[in-house]
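Asks:
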Amino acid sequence: MHELSIAASLVESAEQAARRAGAQRVTQVFLRLGALSGVAKDALLFSYDIATAGTLLAGSQLVIEDVPVIVHCDQCRCDVALPGIQDFRCPVCGRLCVQIVAGRELEIAGIEIEVADEEANPQPAT
Ligand SMILES: [Zn+2]
């Protein structure tokens, strides 16, 4: 499944970031997902639970922020958000827009971590 390999690489980069921050556990991962990313959200959420097993992210929640397609319209000279991905015409003037400004995102916007309580767990880092 396409989404499983995507989930695996997301988990890997989130885990690396979490380790650098000295996290004991990751509780939430915030993902920006563009309408043109080609990723099925349901499949990604499902794959996420599989991919996080046995990692610092186990039991964490994947919070997906949907990013709409935004194109630049030459006619209106501005960036406009499209209501869907079927029609690339400017909703204001009807001109076909080919400059995609946003909508391909598949990126981690942030993670929420739990850092080990040093008083309660006085073990040295290994
Ligand atoms: Zn326009």
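Residues in the sequence shown are numbered from -1 upward in steps of one, following the numbering used here. Glycine included, every Cβ here is placed at the ideal spot set by N, Cα and C. Keep in mind the model is a prediction, meaning the values are calculated, not measured.
Does the region 70 to 89 come within contact of the region 45 to 57, defined as at least 3 CB pairs closer than 8 Å?
Replies: no
Asks: Can you find a heavy atom of ligand 1 that lies under 6 Å from the Cβ of Gln97?
Replies: Counted from its first residue, the sequence shown places residue 97 at position 99. Outside the cutoff, so no.
Asks: Pull the bridge partners of Phe28 from the DSSP assignment, please.
Replies: Start at 1 with the first residue of the sequence shown, and residue 28 comes out as number 30. DSSP output for Phe28 lists Val61 and Gly108 as bridge partner(s).
Asks: Classify Glu68 as helix, strand or coil using the three-state DSSP reduction.
Replies: Within the sequence shown, the letter at position 70 stands for residue 68. A small correction: the amino acid at residue 68 is Ile; Glu does not occupy that position in the sequence shown. In the structure shown, Ile68 sits in a strand (DSSP, three-state: E or B).
Asks: Give the DSSP-derived three-state secondary structure of Gln14 in the structure shown.
Replies: By 1-based counting over the sequence shown, the position of residue 14 is 16. Helix.
Asks: Asp85 by DSSP, collapsed to three states: which one?
Replies: Against the sequence shown, residue 85 aligns to sequence position 87. Note: Asp85 maps to coil in three-state DSSP.
Asks: Between the Cα of Ala38 and those of Gly108, Asp115, Ile111 and Leu104, spot the shortest distance and give me the residue it belongs to.
Replies: Looking up residue 38 in the sequence shown gives position 40. Per the Cα distances, Leu104.
Asks: Check whether the Cβ of Gln73 sits closer than 6 Å to any heavy atom of ligand 1, and report yes or no.
Replies: Here residue 73 corresponds to residue number 75 of the sequence shown, with the count starting at 1. Correct: Gln73 has its Cβ closer than 6 Å to ligand 1.
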